[in-house]
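According to numbering that gives the first Met the number 0, the sequence shown is numbered sequentially starting from 0. All C-beta atoms, glycine included, are put in the ideal place defined by N, C-alpha and C. Note that this is a predicted model, so its numbers are computed, not measured.
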Amino acid sequence: MRKKSTFKRALAYIIPLAIFSAMLVWFLLAMKSTASSNRKRELEALKTTVENGITMCYAVEGVYPESMEYLCANYGLIYDKSKYIIYYDCFASNIRPTVTILERQGASEKV
0 MRKKSTFKRA LAYIIPLAIF SAMLVWFLLA MKSTASSNRK RELEALKTTV
50 ENGITMCYAV EGVYPESMEY LCANYGLIYD KSKYIIYYDC FASNIRPTVT
100 ILERQGASEK V
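Structure representation (structure tokens):
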């Protein structure tokens, strides 16, 4: 009779602990997934913003911007330079520049 009560008591501690552990793992996985999704959306938003700035400059001035610095200074483009690398290759003022945006290594861990 005594073994059953000891087993029930142990079970009363183990079940809530197992449920709590499972919920903690689920929460951590959900946070990781959300962070990854937010990084992707932020990168896409930056790409769209840069492309829109290039188009706006061409529409207003009739030439494409010569550099990212020009686009930032004259069209209000702001981005986190410690988080993203933007390669901007402008061949000529009448040919749309090639833009490549990369996330810096380790930038996502500095949150």
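Nearest-angstrom beta carbon gap, residue j and residue i [assumed within contact, 8 Å]
| i | j | result |
| --- | --- | --- |
| residue 48 | residue 76 | 6 Å |
| residue 83 | residue 101 | 7 Å |
Sequence-distant residues of its chain with Cβ nearer than 8 Å to residue i (five each side left out)
| i | result |
| --- | --- |
| residue 55 | 74 |
Length of the line joining the Cα atoms of residue i and residue j
| i | j | result |
| --- | --- | --- |
| residue 96 | residue 21 | 50 Å |
| residue 105 | residue 37 | 15 Å |
| residue 17 | residue 5 | 18 Å |
| residue 81 | residue 23 | 32 Å |
| residue 65 | residue 32 | 38 Å |
| residue 62 | residue 91 | 9 Å |
| residue 51 | residue 26 | 37 Å |
| residue 42 | residue 88 | 19 Å |
Same chain only: Cβ atoms within 7 Å of residue i, ignoring 5 sequence neighbours per side
| i | result |
| --- | --- |
| residue 99 | 86 |
First through last residue of the beta strand (DSSP E) which encompasses residue i
| i | result |
| --- | --- |
| residue 100 | 97–102 |
Whole alpha helix (DSSP H) runs in the stretch 60–85 with 4 or more residues, listed along the chain? 67–74
Start-end ranges of the alpha helix (DSSP H) lying completely within the stretch 12–55, minimum 4 residues: none
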